[in-house]
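J.:
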């Protein structure tokens with residue numbers, strides 16, 4: 001995004017072209033009964049098949065009353081067709097699982113606890129499928145399944161139009177990398193928003209209330225909001241509403257029209273040992289200007 005007009009933020013004005021950096025400041029809130037996002041594309045970019053891949057995201061679970069589905073890709077009305085698959089947590093105990101054609105072919109050994117943020121991921125490297133919870137391997141198996149489903153992609157609901165498995169809680173930063181298993185050993189969980197690494201085919205960073213369904217991968221897949229999925233200001237990261245200023249080197253700058261004497265250093269002794277004598281200019285988080 002860019003700003004080309006002259007805008008005023010508090011007492012600071014901008015002139016020229018600035019790139020705006022969006023932070024992952026929120027999440028998607030699912031009601032557990034009807035809300036989900038869907039995409040109808042049949043693009044091969046969303047079909048891992050037998051290739052290496054990674055599907056991951058951040059989740060905040062509210063209950064285990066149904067299978068909480070992060071992502072699914074289904075072929076037919078009941079979701080059990082050949083090639084249909086889903087990445088989810090199991091009913092009752094909340095273990096991570098890979099559902100293939102209606103059967104959980106891989107189940108983790110550690111519960112995804114309620115009411116806190118967790119990073120979850122599923123990778124395939126060769127025929128080795130691994131479930132990751134907060135950077136730790138929680139289950140692995142050798143599988144030869146072909147994840148070839150070309151039906152709707154869904155976030156927050158199971159595969160197939162008859163599925164009653166809805167996500168209850170919040171989801172942020174969903175990323176599908178088709179062609180690469182990003183994790184091969186235990187790792188430190190990300191501390192900032194995901195980026196579009198090589199082979200990224202889907203990237204929902206939930207950056208703001210106006211862009212919460214935007215795919216920031218190069219594909220720009222469009223998602224439909226079903227059952228009132230809401231933007232929520234809960235985030236897995238300790239993110240404040242702050243960022244940085246990007247200057248283009250040719251026309252962008254900040255200026256203030258204030259004539260306050262507080263902005264006029266006057267004569268400052270060069271040998272002054274007290275740094276408080278020298279005015280310090282601060283652009284604060286609320287975009288106000290102070291000294």
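In the numbering used here, the protein residues as written are 1 to 291.
Yeah, the Cβ is synthetic: ideal placement off N, Cα and C, and Gly gets one too.
Use the C-beta contact count for residue 82: other C-beta atoms within 10 angstroms, 16 or more gives buried, fewer gives exposed.
T.: An exposed status is given to residue 82, since fewer than 16 other beta-carbon atoms sit within 10 Å of its beta-carbon.
J.: For residue 63, does the count of other Cβ atoms within 10 angstroms reach 16, so buried, or fall short, so exposed?
T.: Around the beta-carbon of residue 63, fewer than 16 other beta-carbon atoms lie within 10 Å, marking it exposed.
J.: Would you list, in sequence order, the uninterrupted beta strand (DSSP E) runs of no fewer than 3 residues that lie entirely inside the stretch 142-192?
T.: 153-155 and 168-178
J.: According to DSSP, which residues form a beta bridge with residue 232?
T.: 27
J.: Do residue 114 and residue 141 have their C-beta atoms closer together than 8 Å?
T.: no
J.: With the cut-off set at 8 Å, would you say residue 104 and residue 111 are in Cβ contact?
T.: no
J.: Counting Cβ pairs closer than 8 Å, one from the stretch 203-220 and one from the stretch 130-147, do we hit at least three?
T.: The stretch 130-147 and the stretch 203-220 do not touch, with fewer than three beta-carbon pairs separated by less than 8 Å.
J.: Please return the same chain residues whose Cβ sits closer than 7 Å to the Cβ of residue 190, not counting the five positions on each side in sequence.
T.: If we look at residue 190 and ignore the five residues flanking it on each side, its Cβ neighbours are 119.
J.: Taking 8 Å as the threshold (C-beta atoms), are residue 177 and residue 197 in contact?
T.: yes
J.: Thinking residue 86 and residue 69 are a contact (beta carbons under 8 Å), I'd like their distance in whole angstroms, please.
T.: 5 Å
J.: When we look at the beta-carbon of residue 292 and count the other beta-carbons within 10 Å, is it buried (16 or more) or exposed?
T.: Residue 292 is absent from the structure shown; the chain starts at 1 and stops at 291.
J.: Tell me residue 49's beta-bridge partners as DSSP assigns them.
T.: 147
J.: So is residue 263 buried or exposed if we call it buried at 16+ other beta carbons inside 10 Å?
T.: exposed
J.: Under 7 Å Cβ to Cβ from residue 203, same chain only, skipping five residues before and after it: list those, please.
T.: 175, 194, 196, 215, 216 and 217
J.: In chain order, what residues of the same chain have a beta carbon less than 8 Å from the beta carbon of residue 49, not counting five sequence neighbours either side?
T.: Cβ neighbours of residue 49 beyond the five flanking positions: 146, 147 and 148.
J.: Which residues in the same chain have their Cβ closer than 8 Å to the Cβ of residue 26, if we skip the five residues on either side of it in sequence?
T.: 172, 206, 207, 208, 209, 212, 231, 232, 233, 234 and 235
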